[in-house]
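*Asks:*
Number of protein chains: 2
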Amino acid sequence: MQENKAQGTDISTLGEFGLIKQLTKGIEIKNSSTKVGVGDDAAVLDYQNKKTVVTTDLLVEGIHFDLMYTPLKHLGYKSIAVNVSDVYAMNACPKQVTVSIAISKRFTVEAIEEIYDGIRMACENYNVDLVGGDTTSSLTGLCISVTALGEAEENELAYRSGAKVNDLICVSGNLGAAYAGLQLLEREKAIFENNPNMQPDLSGHDYILERQLKPEARKDIYERLKEAQIVPTSMIDVSDGLSSELMHICEESKVGCQVYEEKIPVDYETHKMAEELNMNYSTFSLNGGEDYELLFTVPLEKFDDVEKMEDVKVIGHITEASKGIYLVTRDNTEIALQAQGWNPLQE
Amino acid sequence: MQENKAQGTDISTLGEFGLIKQLTKGIEIKNSSTKVGVGDDAAVLDYQNKKTVVTTDLLVEGIHFDLMYTPLKHLGYKSIAVNVSDVYAMNACPKQVTVSIAISKRFTVEAIEEIYDGIRMACENYNVDLVGGDTTSSLTGLCISVTALGEAEENELAYRSGAKVNDLICVSGNLGAAYAGLQLLEREKAIFENNPNMQPDLSGHDYILERQLKPEARKDIYERLKEAQIVPTSMIDVSDGLSSELMHICEESKVGCQVYEEKIPVDYETHKMAEELNMNYSTFSLNGGEDYELLFTVPLEKFDDVEKMEDVKVIGHITEASKGIYLVTRDNTEIALQAQGWNPLQE
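Chains A and B, in that order, give the protein sequences. Everything in the first sequence is counted per the UniProt record's numbering, starting at 1 for the first residue and increasing by one. Everything in the second sequence is counted per the UniProt record's numbering, starting at 1 for the first residue and increasing by one.
Written as structure tokens, this is what we have:
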């Protein structure tokens with residue numbers, strides 16, 4: 001960033017209000033529930049007789065992202081995607097976001113606009129309105145806090161607590177790819193730091209890199225469930241790893257579960273990366289975070305419906321709580337799952 | 001904080017989920033609009049046929065607060081107060097907050113509990129439910145992001161844009177005290193840094209210190225307006241200084257204004273502090289930030305009502321836009337006001 005500064009516009013030339021004006025200009029309101037967006041003490045929303053869901057997530061430089069390999073536009077996009085993902089995980093439709101950013105003075109106005117370009121792209125893609133926020137400076141790292149709001153009919157909401165014995169456990173997409181992408185980026189960063197003349201070798205890894213740097217929330221799965229008139233008995237998004245999310249559902253629903261290693265969807269690139277790093281790819285899919293896939297349960301009688309649902313796999317079923325939380329491995333061994341998900345408090 | 005660590009509990013012993021559980025245990029839901037609080041992917045709210053307002057603010061260490069003189073409990077309290085203040089400034093009633101905190105590992109669990117004690121106290125005082133959040137680590141400073149939600153009937157909402165020519169301009173409480181408190185704390189900090197054996201001399205300044213360290217949102221004024229059945233034609237909270245807020249109202253309402261220096265309420269301690277520092281106290285009241293008083297306009301015919309309203313002063317009136325934004329000084333000079341409010345982007 002330092003080099004950019006010489007060519008870019010210093011933030012202080014605009015001031016806080018000028019900067020906010022510049023960043024939010026041309027924002028058009030897309031949802032009828034947004035009555036007033038940016039520009040007053042608060043935004044005004046009207047959810048009429050629907051329920052409102054609200055969720056918030058904080059992305060911190062050096063903990064959640066490394067600016068050495070994270071393009072600012074992708075970072076802006078990701079900050080929205082991870083939040084709307086939580087709204088979809090309630091089986092609700094995201095409608096508004098607020099965004100607060102703390103930026104160090106080493107950033108130029110152009111750099112912040114990059115972040116906002118990504119934010120705007122994501123708002124466009126997920127059809128949400130940016131209705132408020134706060135921009136302030138930071139003495140040190142970059143910090144992005146997003147709150148997302150969405151709506152649902154009361155009987156559509158999917159909590160973590162509704163899974164029942166014999167329910168099928170389903171997951172969208174594939175798991176472990178974002179973590180594989182992170183491993184690759186970290187490896188190349190280490191090589192570059194040891195020898196700055198080395199060029200990073202990222203070829204052939206486009207998919208896992210995109211999963212790490214520009215993850216998508218599963219709007220499509222939310223829509224497919226709606227089309228199929230399925231309300232999951234429980235749902236959660238996979239942000240901390242499959243094991244960790246299964247444990248949340250089992251704990252909140254007071255049930256156990258059995259999932260089958262061979263059924264857990266893993267992409268070819270994730271396999272390849274695990275192999276390159278001499279690691280077990282199941283470690284990636286079970287404990288790697290940031291997949292933002294949807295993990296949900298449906299009653300057994302919905303088997304045909306979910307079986308034919310594009311990009312959804314049945315990976316196991318819910319059992320009595322006393323049976324515990326088990327993975328059946330390829331060689332038919334049952335092992336108790338433990339949440340070894342990414343712990344942001346340990347760095 | 002470093003000394004505490006030896007005696008306190010290391011954050012990593014609890015992990016993210018353990019920490020969140022510990023911090024949010026015993027939280028009871030107070031508002032009927034809160035259907036589900038902490039513990040799922042998102043909180044669920046039901047505003048029925050009322051409008052929802054939503055606002056967010058980010059407090060960053062070294063920019064908005066200095067841990068050298070800010071007690072953690074006060075910091076937690078303040079982070080809620082400044083957000084519900086924005087809800088009151090819409091003439092709406094705050095109902096829920098979400099809180100995200102990024103903390104460096106130098107903090108102990110006990111230190112974070114201090115912050116949450118303050119947050120809980122404020123939630124109690126303003127009758128809002130803590131419904132969600134995120135706790136993560138930070139490589140450097142402490143960062144607190146709060147989003148507040150509230151409700152109002154559509155015809156009760158007070159925007160910045162509704163002020164009309166001849167409306168009376170009113171302000172609650174007094175102005176400049178929080179800034180005076182900040183000046184005092186900064187002076188004593190500088191003295192201490194030069195000579196660590198010196199004890200800070202804060203006696204006789206309790207009021208301005210409290211205004212800086214533990215500001216209150218004006219719930220009482222919101223309630224008095226309701227009792228008096230007054231819906232302000234415009235309203236804003238004074239967070240960046242009176243001049244800056246007057247300019248927001250005038251710009252959004254496309255009007256001008258005239259305020260009278262002698263009518264602007266300033267506390268005795270603020271006067272005294274300005275004198276000690278050889279500064280003009282009007283600089284404090286016009287440009288000092290963080291008062292969190294309510295600045296609002298009412299139609300002329302409400303003069304008697306606001307005149308008798310406790311802790312509310314009429315300080316001027318709205319004029320045609322062409323007349324500009326003017327302060328009439330004690331010696332009857334008219335000077336154009338400029339927003340010299342605190343700019344968080346310049347540090």
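We put the beta carbon where it would ideally sit given N, CA and C, even for glycine. This structure is a prediction, so every number in the text was calculated from the model and none was measured.
Residues of chain B with CB closer than 7 angstroms to the CB of A:I63, please, in chain order.
*Replies:* In the first sequence, the residue the question calls residue 63 of chain A occupies position 63. Those are T136, S137, S138, L139, listed as they occur along chain B.
*Asks:* Whole alpha helix (DSSP H) runs in the segment 179–259 of chain A with 4 or more residues, listed along the chain?
*Replies:* 206–213, 219–227, 242–253
*Asks:* Within this structure, are the beta carbons of A:Q96 and A:V44 separated by less than 7 angstroms?
*Replies:* As a working mapping, residue 96 of chain A is identified with position 96 in the first sequence. As a working mapping, residue 44 of chain A is identified with position 44 in the first sequence. Not closer than 7 angstroms, so no.
*Asks:* I need the straight-line Cα distance from B:E186 to A:E151, nearest angstrom please.
*Replies:* The residue given as residue 186 of chain B occupies position 186 in the second sequence. The residue given as residue 151 of chain A occupies position 151 in the first sequence. Cα to Cα, B:E186 sits roughly 46 angstroms from A:E151.
*Asks:* Spatial neighbours of A:Q22 within its chain, please: C-beta separation below 8 angstroms, excluding the five flanking residues on both sides.
*Replies:* In the first sequence, the residue the question calls residue 22 of chain A occupies position 22. L14, V109, E113.
*Asks:* Leaving out five residues before and five after B:L182 in sequence, what residues of the same chain have Cβ atoms less than 6 angstroms from its Cβ?
*Replies:* For the purposes of this step, residue 182 of chain B is taken as residue 182 along the second sequence, with counting starting at 1. If we look at B:L182 and ignore the five residues flanking it on each side, its Cβ neighbours are Q212.
*Asks:* When burial is assigned at 16 or more other CB atoms within 10 Å of the CB, is B:F303 buried or exposed?
*Replies:* Stepping through the second sequence from its first residue, residue 303 of chain B is reached at position 303. So B:F303 counts as exposed.
*Asks:* Quick check on this structure: which residue in A:I144, A:H271, A:E252, A:E334 has the alpha carbon closest to the alpha carbon of A:H64?
*Replies:* Numbered from 1 along the first sequence, position 64 holds the residue referred to as residue 64 of chain A. Of the candidates A:I144, A:H271, A:E252, A:E334, the one whose C-alpha sits nearest the C-alpha of A:H64 is A:I144.
*Asks:* Could you spell out the range, first to last residue, of the alpha helix (DSSP H) harbouring A:G141?
*Replies:* Position 141 of the first sequence holds residue 141 of chain A. Counting along the chain, A:G141 falls outside any alpha helix (DSSP H), and DSSP gives it neither H nor E.
*Asks:* Strictly by DSSP, which residues pair up with A:P94?
*Replies:* Against the first sequence, residue 94 of chain A aligns to sequence position 94. Per DSSP, A:G150.
*Asks:* Which two residues bound the contiguous beta strand (DSSP E) that contains B:K272?
*Replies:* Locating residue 272 of chain B in the second sequence gives position 272, counting from the first residue. B:K272 -> not in any beta strand (DSSP E); alpha helix (DSSP H) instead, spanning 268–276.
*Asks:* Under three-state DSSP, which class holds B:I11?
*Replies:* For the purposes of this step, residue 11 of chain B is identified with residue 11 of the second sequence, where counting begins at 1. Note: B:I11 maps to helix in three-state DSSP.
*Asks:* Is it true that the segment 35–49 of chain B meets the segment 50–65 of chain A, where meeting means three or more beta-carbon pairs spaced less than 8 angstroms apart?
*Replies:* yes
*Asks:* Which residue wins for smallest C-alpha separation from B:N83, given the options B:P200, B:E216, B:Q229, B:E227?
*Replies:* Here residue 83 of chain B refers to the residue found at position 83 when the second sequence is read from its first residue. Answer by Cα proximity: B:E216.
*Asks:* When the Cα of B:G289 is compared with those of B:I208, B:I221, B:G162, B:A111, which residue comes out closest?
*Replies:* Taking the second sequence and counting its residues from 1, the one referred to as residue 289 of chain B is at position 289. When each option's Cα is compared against that of B:G289, the closest is B:I208.
*Asks:* Along chain B, in chain order, which residues have C-beta atoms closer than 9 angstroms to that of A:R160?
*Replies:* In the first sequence, the residue the question calls residue 160 of chain A occupies position 160. Going along chain B in sequence order, the residues near A:R160 (Cβ under 9 angstroms) are G39, D40, D41.
*Asks:* Anything in the segment 238–269 of chain A with a Cβ closer than 7 angstroms to a Cβ of chain B? List those residues in chain order, please.
*Replies:* none
*Asks:* Can you name, in chain order, every residue of its own chain whose Cβ lies under 8 angstroms from the Cβ of A:M121, other than the five neighbours on each side?
*Replies:* To locate residue 121 of chain A, count along the first sequence from 1; it is residue 121. Only K73, G76, Y77 meet the Cβ criterion.
*Asks:* May I ask which residues mark the beginning and end of the beta strand (DSSP E) holding B:F296?
*Replies:* Residue mapping note: residue 296 of chain B aligns to position 296 of the second sequence, counting from 1. It spans 293–298 - the beta strand (DSSP E) in which B:F296 sits, taken as one unbroken run.
*Asks:* If I follow the unbroken beta strand (DSSP E) through A:A163, where does it start and stop?
*Replies:* The count along the first sequence starts at 1 and reaches residue 163 of chain A at position 163. No beta strand (DSSP E) holds A:A163; DSSP gives it neither H nor E.
*Asks:* Out of curiosity, what's the CA-to-CA distance linking A:K272 and A:H248?
*Replies:* Within the first sequence, the letter at position 272 stands for residue 272 of chain A. Within the first sequence, the letter at position 248 stands for residue 248 of chain A. For A:K272 and A:H248, the distance between alpha carbons rounds to 30 angstroms.
*Asks:* Secondary structure at A:Y47, three-state DSSP: helix, strand or coil?
*Replies:* Here residue 47 of chain A corresponds to residue number 47 of the first sequence, with the count starting at 1. Here A:Y47 sits in coil by DSSP.
*Asks:* When the Cα atoms are used, what is the spatial distance from A:G250 to B:I236?
*Replies:* Taking the first sequence and counting its residues from 1, the one referred to as residue 250 of chain A is at position 250. Taking the second sequence and counting its residues from 1, the one referred to as residue 236 of chain B is at position 236. As written in the sequence, residue 250 of chain A is Cys, which differs from the Gly given in the question. Taking the straight line from one Cα to the other gives about 47 angstroms.
*Asks:* Which residues in the same chain as B:V36 place their Cβ atom closer than 7 angstroms to its Cβ, once the five residues preceding and following it in sequence are excluded?
*Replies:* Residue numbering aside, residue 36 of chain B sits at position 36 when the second sequence is read from its first letter. Answer for B:V36: A43, V44, listed in chain order.
*Asks:* For B:E28, count neighbouring C-beta atoms within 10 Å of its own C-beta (all shown protein chains included) and say buried if the count is 16 or more, exposed if not.
*Replies:* In the second sequence, counting from the first residue as 1, residue 28 of chain B sits at position 28. Result: exposed.
*Asks:* Is DSSP giving A:G288 helix, strand or coil here?
*Replies:* Within the first sequence, numbered from 1, the residue matching residue 288 of chain A stands at position 288. In the structure shown, A:G288 sits in coil (DSSP, three-state: anything other than H, G, I, E or B).
*Asks:* Between B:S172 and B:E227, what straight-line distance do the alpha-carbon atoms span, to the nearest angstrom?
*Replies:* Along the second sequence, read from residue 1 onward, the residue named residue 172 of chain B stands at position 172. Along the second sequence, read from residue 1 onward, the residue named residue 227 of chain B stands at position 227. Near 16 angstroms, if we compare the C-alpha coordinates of B:E227 and B:S172.
*Asks:* Going straight from the alpha carbon of B:E307 to that of A:G26, what length do you get?
*Replies:* Position 307 of the second sequence holds residue 307 of chain B. Position 26 of the first sequence holds residue 26 of chain A. C-alpha separation (whole angstroms): 42 angstroms.
*Asks:* Taking Cβ positions only, does A:G132 come closer than 7 angstroms to chain B?
*Replies:* Working through the first sequence from its first residue, we reach residue 132 of chain A at position 132. With 7 angstroms as the cut-off, A:G132 counts as an interface residue toward chain B.
*Asks:* Can you check whether the CB of B:P94 is closer than 7 angstroms to the CB of B:A148?
*Replies:* For the purposes of this step, residue 148 of chain B is identified with residue 148 of the second sequence, where counting begins at 1. For the purposes of this step, residue 94 of chain B is identified with residue 94 of the second sequence, where counting begins at 1. Yes, Cβ-Cβ distance for B:A148 and B:P94 is below 7 angstroms.
*Asks:* Around the C-beta of A:P344, are 16 or more other C-beta atoms found within 10 angstroms, so that it is buried, or is it exposed?
*Replies:* Here residue 344 of chain A is taken as the residue at index 344 of the first sequence, counted from 1. Confidence at A:P344 is low in this model, with a pLDDT of 47, below 50, so its placement is unreliable and the value that follows should be read with caution. A:P344 should be labelled buried.
*Asks:* DSSP puts B:V312 in a beta bridge; with which residues?
*Replies:* Within the second sequence, residue 312 of chain B is the residue found at index 312, counting from 1. According to DSSP, B:V312 bridges with B:S172.
*Asks:* Which class does A:H64 belong to by DSSP, given the choice of helix, strand or coil?
*Replies:* As a first step, residue 64 of chain A must be located in the first sequence, where it is residue number 64. A:H64 falls in the coil class under three-state DSSP.
*Asks:* Confirm, please, whether the CB-CB distance from A:G133 to A:T98 is below 7 angstroms.
*Replies:* In the first sequence, the residue the question calls residue 98 of chain A occupies position 98. In the first sequence, the residue the question calls residue 133 of chain A occupies position 133. For A:T98 and A:G133, yes; Cβs fall inside 7 angstroms.
*Asks:* Pair every Cβ in the segment 318–331 of chain A with every Cβ in the segment 248–267 of chain A, then say whether three or more of these pairs are closer than 8 angstroms.
*Replies:* Enough Cβ pairs lie closer than 8 angstroms, so yes.
*Asks:* Sort B:Y88, B:Y292, B:I264, B:I230 by Cα distance to B:S285 and report the nearest one.
*Replies:* Taking the second sequence and counting its residues from 1, the one referred to as residue 285 of chain B is at position 285. Across the set B:Y88, B:Y292, B:I264, B:I230, the C-alpha of B:I264 shows the shortest separation from the C-alpha of B:S285.
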